[in-house]
Amino acid sequence: MTAAAWLTQNTIGNFWFRYLHILAGITWIGLLYYFNFVQVPGLAAYGDEGKARNITIDKIARRALWWFRWAAIATLATGILITGQKDYLLDFMNGKDNGHDAAISLGMVLGILMAANVWMIIWKNQKVVLANAANVLGGGEANADAPTAGRKALLASRQNMIFSVSMLFFMVGAAHFYNAAFGAATASNAWTFFAIAMAITALLELNAVGIFGGIKAGNKMLWMYESHKNALITSGILWLILWIASEVLLG
Numbered sequence: 131m132t133a134a135a136w137l138t139q140n141t142i143g144n145f146w147f148r149y150l151h152i153l154a155g156i157t158w159i160g161l162l163y164y165f166n167f168v169q170v171p172g173l174a175a176y177g178d179e180g181k182a183r184n185i186t187i188d189k190i191a192r193r194a195l196w197w198f199r200w201a202a203i204a205t206l207a208t209g210i211l212i213t214g215q216k217d218y219l220l221d222f223m224n225g226k227d228n229g230h231d232a233a234i235s236l237g238m239v240l241g242i243l244m245a246a247n248v249w250m251i252i253w254k255n256q257k258v259v260l261a262n263a264a265n266v267l268g269g270g271e272a273n274a275d276a277p278t279a280g281r282k283a284l285l286a287s288r289q290n291m292i293f294s295v296s297m298l299f300f301m302v303g304a305a306h307f308y309n310a311a312f313g314a315a316t317a318s319n320a321w322t323f324f325a326i327a328m329a330i331t332a333l334l335e336l337n338a339v340g341i342f343g344g345i346k347a348g349n350k351m352l353w354m355y356e357s358h359k360n361a362l363i364t365s366g367i368l369w370l371i372l373w374i375a376s377e378v379l380l381g
């Protein structure tokens, strides 16, 4: 392949945008898993106001959160570049491949919602936690609102972790599974599948922000967020439900 071929419109759209999208996505989701599997369980061992905990938040979490939130933006932006291609949009709007369209639509909505959670809930509340850690380390009084802010950020982060398994599956599946295996799916069934998936997604998101029972620990509605193990189990259950629905409606 010549150097000029690497810069054609088709190559830029079909390869380079996707490559950058995957690279940014790895950074974003990798940090999401770091927070849920490593940092949060590790910080729990320090107690609420331990000096080592505040140092970790101030020196490590601050940097990790910078990469985390901007990787989310980069993933979203490169995804828009991919879907903004003329041929992609035309195929999508004309229902050329209903199985592919239903799968990628679900993946896109989950990804957009996860990015919104990062900026509108996680980062908004983590700023309070970071400021509190810096203030305490400087000899100031702890902010009484910091624990609540941290709890809100935790719930949203755990919900993103739950969404991520299905988001990644349907993103990859759109090109490598649903397009070929379920290409004959009817538009009606594809929309039914998408509507069911959106209803489940909305219920989970509303639960994570405390609509159904608040955000305090001990609420049975929040069981799936109380540990990374519970979130992992829930992510598998969500994926299984969506996968079975896709088999029934898109097959």
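Numbering-wise, the sequence shown is residues 131 to 381 according to the working numbering.
Ideal Cβ placement from N, Cα and C applies to all residues, glycine included.
Just so we're clear, the structure is a prediction, and the values are computed from it rather than from any experiment.
Check                                                                                                                                                                                 : Outcome
Am I right that residue 296 and residue 244 are in contact with their C-beta atoms under 8 Å? What's the rounded C-beta distance?                                                     : Not quite, the Cβ-Cβ distance comes to about 11 Å (not below 8 Å), so this is no contact.
For residue 166, does the three-state DSSP call read helix, strand or coil?                                                                                                           : helix
Counting only the same chain and skipping the five closest in sequence on each side, list residues whose C-beta sits under 6 Å from that of residue 255.                              : 279, 282, 283
Under a three-way DSSP split, which group does residue 322 fall into?                                                                                                                 : helix
Can you check which of these residues, 266, 334, 273, is closest to residue 364 by C-alpha distance?                                                                                  : 334
Tell me which residues share the same chain as residue 233 and place their Cβ nearer than 6 Å to its Cβ, disregarding the 5 neighbours each side in the sequence.                     : 300, 303, 304, 308
Skipping 5 residues on each side, what residues in its chain have a beta carbon closer than 8 Å to that of residue 159?                                                               : 294, 298
On the DSSP letters alone, give me the boundaries of the alpha helix (DSSP H) that residue 306 sits inside.                                                                           : Premise fails: residue 306 is in no alpha helix (DSSP H) and is neither H nor E.
Residues in the same chain with beta-carbon distance under 6 Å from residue 273, minus the five sequence neighbours each way, listed in chain order, please.                          : 262
In angstroms with no decimal places, state the Cα-to-Cα distance between residue 338 and residue 348.                                                                                 : 14 Å
Kindly indicate which three-state DSSP category residue 341 falls into: helix, strand or coil?                                                                                        : coil
Going by DSSP in three states, residue 346 sits in which element: helix, strand or coil?                                                                                              : coil
Taking the alpha-carbon of residue 289 as reference, which of 231, 316, 277, 368 has the nearest alpha-carbon?                                                                        : 368
Since residue 306 and residue 167 should fall inside the 8 Å C-beta cutoff, what is the C-beta to C-beta distance between them, to a whole number of angstroms?                       : Rounded, the Cβ-Cβ distance is 26 Å, inconsistent with contact.
Which value, in whole angstroms, describes the spacing of the CA atoms of residue 91 and residue 320?                                                                                 : Not covered by the structure: residue 91. The range shown for the chain is 131 to 381.
Label residue 292 either buried or exposed according to how many other C-beta atoms from any shown protein chain fall within 10 Å of its C-beta, with 16 as the threshold for buried. : buried
Measuring alpha carbon to alpha carbon, tell me which residue in 336, 315, 340 is nearest residue 381.                                                                                : 315
Consult DSSP for residue 272 and reduce its assignment to one of helix, strand or coil.                                                                                               : coil
Excluding five sequence neighbours on each side, which residues of the same chain lie with their C-beta closer than 8 Å to the C-beta of residue 371?                                 : 330
Which class does residue 233 belong to by DSSP, given the choice of helix, strand or coil?                                                                                            : helix
Just verifying my parser: in three-state terms, what is the DSSP assignment at residue 381?                                                                                           : coil
Work out the CA separation of residue 230 and residue 266 for me, nearest whole Å.                                                                                                    : 51 Å
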